[in-house]
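>
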Amino acid sequence: MTSSPSFRPTSSKSVLRSTAARLPWLMAAGLSVPAQALDAVPADDDATIEEILVIGQRTNRDLTTPEVTVERAATELDDILRVSPSITIGGGTPSNQRLYVRGIEGSNLNITVDGVRQSQNLFQHRGGLMRLDPFLLKRVALSTGAVGADKGTGALGGAVEMETVDAQDLLDPRRRVGALAKGGFQSATSAEQVSVAGFGELAEGLGLVLYASRLDAGRYRAGDGDRIPNAASEDASYFGKLSLLDQAGHSLRLSVEHHENEGLYPWGAGDLPPDFYQDFYDKGQKGGGPMRQELKRTHYALRYGYDPASPLADVDLSAYASRNHLENLDWDRGYKTENYGVTLKNTARFDVGATGHELTMGFDYLNDEAKSRAPRKGQPQPLNVAGTTENIGLFMQERMQWGIVGLSAGFRYEDFKADYGTATARGTAVAPNASADVEVLPGLTLFGGYGQSVRGASTIPVGWLVHITEDVTLDGDNLDPERAKTIDAGARFERDGVFTRHGRLEVKASYFRTRLSNVISFTGGRGGSAITRFFNEDGAYRSKGFEASARWSNKRFETRLGYLQADLEDPEGRPVNVLRRLGSAIGDRYLWDSRVEILPELVAGYTLTAVGDLDDLPAGDPVKDGYMVHDVRLSWRPSPLPGLSITLAANNLFDKRYTDHTTLTAGGFEGLPELGRDFRVIAQFRY
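If you use mature numbering (1 follows the signal peptide of the UniProt record, and there is no 0), the sequence shown corresponds to residues -37 to -1, 1 to 650, in order.
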């Protein structure tokens, strides 16, 4: 068995830092001469990654066209999000995945697809991170730091906005109709995927896309060759979207997306190994045992835009309805959420003297209803319990540019209500934000910001609602909203003509600190125990650290470096390992991702992920080992067969066995490992 070199001889952190220190010099040395040749042939614009500056903050927007999806051999969100140092996804298998941004867990982010909000956790974390075929995504926008008021409610740790493709994005400009067929295989999971799509322009500006995909995966193979049990799954995705664009300033998009997942998974925190649940088995309990589960999700989305000639009007209206349902097919238990919401906003652009302004004002509304059906101890029949969360938000965000100075300020007003069994918490809150940047030298900008976000409901899984007693109490007869206070400060540098005529260099470094206070917690719940009380925790959790990134690109080559250091502390200032539905500490994380167009029809890529040991943990918790993983890929689009793309990839090339630091550990048991060496073949034909 081949493995990567040992990553922890004496001090893995020093090894990592040494490696990271050399990478820019290696990159520069490797590019100084060949880069001149790389400038000769233009690259496919669809395969680039855009960086869009929003005044007062940096938002990364990743363009993920079908070509890029095939090029990266992507079958899960993790495959396209891994290029951002801010994002980590652990859990071993897709059914167990948890997303973290700068150490904050996804339950505390505002994650949307076409405006549809991420669902509440159904059982443990299931249903929280949306299983979504990356083929469907046109854009992923990540907002960190002091996020704007127009990023939605509950963005305690930031926001992730995803947008799906339109038929117009897929169509060859020379044709009115098109079709796509794709097939793929993954060795680590013995997975087979088949996808088909049809798209066309029904009338001038009116496009329709229909898509279906099937993915069957077996038990996966870890880095040492072990097959991990209870990980096989069957996934089916369906998508349809009608897009009416460029109608005298008007646009209208209607979409429906449906996903089904079925498998034999542990009925518990699935990212803990089977040995952890042996105590349950020995006592004759069912908790944690493998059970047949079915997860279904359906989203309906509407988006209307009006952008007339007047700069004072840029209207955006979005509305959605969604249903998320988890059923335990071996046990009489079922959990579901039914959600709907609407957002209306307008952005006015105008000048006042020497200053340029962008003023966004609007409101949003959401209604989330959760339903739980499950046995409760001492009760002869299964109980059916429902709870509703409502939130009305009013927001305003002003962004101003005055020469080399950019200023941004705004606020959100929240009116919320949340049910906890027979008790209800309600209230109002205001969340302000302000940020500034100044270009101190040509291309060099200093920035800083402070922002608050609030949420009126807890992250209790829907499955635990049945354990709330009828006489449940709220401390003080009400609950304060959870509140995040974030500061973010740093510098960025951008310059064209670096190394080559078409070379572009972008560098950014920032310090961040997020303080999470009034965290809503409860007594009981685990193992089916009664929940008798909800309360706001005293003090605040703190996530803090440093993030840096560098990107150099020209017409045929792109390389990027990334670094993240994120620590999590409890209200007493003690280090935290992993807290479910809150956050996780992460060892120093380094990324190196590169792409080169060897020939117009041949593209190669390489990704290095290196993570240092994590030893700043609660007393008694074992050190989490660091690791280094290499991914390589080669994508070919043969010119004699236009529309055909074939990608060969080897993820975790040296078959390293490792566990992501955000994966749960408990009772001295390490969480599930990630996939071992994974050879992938994907072929796509697009007409």
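Idealized CB from N, CA, C, for every residue including glycine.
Using the Cα positions of residue 738 and SER214, report the straight-line distance between them to the nearest angstrom.
Absent from the model: residue 738. The displayed extent of the chain is -37 to 650, so no value can be given.
> Return yes when the Cβ of PHE410 is within less than 8 Å of the Cβ of ALA399, no when it is not.
In contact: ALA399 and PHE410 (Cβ atoms closer than 8 Å).
> Does DSSP classify LYS145 as helix, strand or coil?
Note: LYS145 maps to strand in three-state DSSP.
> Can you list the beta strand (DSSP E) stretches of 3 or more residues lying completely in the region 54 to 102, in chain order?
Within the region 54 to 102, the complete beta strand (DSSP E) runs of at least 3 residues are 61 to 64 and 73 to 76.
> Please confirm whether THR318 and ASP113 have their CB atoms less than 8 Å apart.
Result no, Cβ atoms of THR318 and ASP113 do not sit closer than 8 Å.
> For ASP2, does the three-state DSSP call read helix, strand or coil?
Low local confidence applies: a pLDDT of 45 at ASP2 is under 50, so the model's placement there is unreliable, and no value is given.
> Please state the DSSP three-state secondary structure of GLY163.
Looking at GLY163 - three-state DSSP - the assignment turns out to be strand.
> I believe TYR174 touches PHE202 by the beta-carbon criterion, under 8 Å. Please report the beta-carbon distance rounded to the nearest angstrom.
Between PHE202 and TYR174 the Cβ distance is about 4 Å, and since that is below 8 Å, they are a contact.
> Using three-state DSSP, classify ALA118 as helix, strand or coil.
In this structure, ALA118 counts as coil in the three-state DSSP scheme.
> How many Å lie between ALA573 and ILE549 at the Cα?
So the two alpha carbons sit approximately 12 Å from each other.
> Thinking C-alpha only, which one of ALA513, GLU469, GLY568 and GLY453 is nearest ASP459?
Among ALA513, GLU469, GLY568 and GLY453, the Cα nearest to that of ASP459 belongs to GLU469.
> Does the contact criterion of 3 or more C-beta pairs under 8 Å hold for the region 476 to 495 versus the region 513 to 524?
No contact exists between the region 476 to 495 and the region 513 to 524.
> Please list, in chain order, all residues of the same chain as GLU564 whose beta carbon is under 7 Å from its beta carbon, the five residues on each side excluded.
TRP599, ARG600, PRO601 and SER602, listed in sequence order.
> Suppose the cutoff is 6 Å on Cβ atoms and the five residues either side in sequence are ignored; what does the same chain contact list for ARG455 look like?
Same-chain partners within the cutoff: THR408 and LYS471.
> Whole-angstrom Cβ separation of TYR376 and GLY356, contact assumed at under 8 Å?
Indeed they touch by this definition, with Cβ atoms about 7 Å apart.
> Taking Cβ positions, are VAL264 and SER218 nearer each other than 8 Å?
Just to set this straight, residue 264 is Ala in the shown sequence, not Val. Yes, they are a contact pair.
> Counting only the same chain and skipping the five closest in sequence on each side, list residues whose C-beta sits under 6 Å from that of GLU633.
If we look at GLU633 and ignore the five residues flanking it on each side, its Cβ neighbours are THR622.
> Is it true that the CB of GLY117 sits closer than 8 Å to the CB of ARG418?
Cβ distance < 8 Å, so ARG418 and GLY117 count as in contact.
> Three Cβ pairs or more, each shorter than 8 Å: is that satisfied between the region 159 to 166 and the region 136 to 144?
With a cut-off of 8 Å, the region 136 to 144 and the region 159 to 166 count as touching, because enough Cβ pairs lie within range.
> Any idea if TYR650 is buried or exposed, counting beta-carbon neighbours within 10 angstroms, 16 or more meaning buried?
Flag for TYR650 reads exposed.
> Using the C-alpha atoms, what's the distance from SER484 back to ARG543?
Using only the alpha carbons, I get a separation of about 11 Å.
> For ALA646, which residues in the same chain have their Cβ closer than 6 Å to its Cβ, ignoring the five residues on either side in sequence?
Contacts found: GLY146 and ILE609.
> What first and last residue would you give for the alpha helix (DSSP H) that runs through ILE43?
It spans 40 to 44 - the alpha helix (DSSP H) in which ILE43 sits, taken as one unbroken run.
> Could you name the residues that DSSP lists as bridge partners for THR318?
Partner(s): VAL315.
> Taking Cβ positions, are MET363 and HIS430 nearer each other than 8 Å?
Result no, Cβ atoms of MET363 and HIS430 do not sit closer than 8 Å.
> Who does SER281 pair with in a DSSP beta bridge?
In DSSP, SER281 forms a bridge with ARG266 and THR306.
> Consider the C-beta atom of HIS593 and the heavy atoms of the ligand ADP; say whether any pair is separated by less than 7 Å.
The model depicted lacks the ligand ADP and carries no ligand whatsoever.
> Could you say which of LEU611, LEU604, LEU638 and ILE191 lies nearest to PHE617 if we only look at CA atoms?
The option with the nearest alpha carbon to PHE617 is LEU638.
> Nearest to ASN330 by alpha carbon, out of PRO192, TYR590, PHE379 and GLY453?
Closest option to ASN330, Cα to Cα, is PHE379.
> Residue range of the alpha helix (DSSP H) that VAL130 falls in?
What sits at residue 130 in the sequence shown is Ala, not Val. Segment 130 to 133, the alpha helix (DSSP H) holding ALA130.
> Whose C-beta lies closer than 8 Å to the C-beta of PRO538 among residues of the same chain, with five residues either side of it excluded?
Excluding sequence neighbours, PRO538 sits near ASP530, LEU531, GLU532, ALA548, ASP579, LEU580 and PRO581.
> Within 10 angstroms of its Cβ, does LEU(-7) collect 16 or more other Cβ (buried), or is it exposed?
Because LEU(-7) sits at a pLDDT of 37, beneath the cut-off of 50, its placement in the model cannot be relied upon, and the point is left open.
> So HIS221 is in the beta strand (DSSP E); what residue range does that whole segment cover?
HIS221 -> beta strand (DSSP E) spans 213 to 229.
> Give the C-beta separation of VAL435 and THR385 to the nearest angstrom, bearing in mind that I take them to be a contact with Cβ-Cβ under 8 Å.
So it is a contact: roughly 6 Å between Cβ atoms.
> State the Cα-Cα distance for the pair VAL110 and GLY188, rounded to the nearest angstrom.
For VAL110 and GLY188, the distance between alpha carbons rounds to 43 Å.
> Which of the three DSSP states, helix, strand or coil, is assigned to THR436?
The answer is strand: DSSP assigns THR436 an E or B state.
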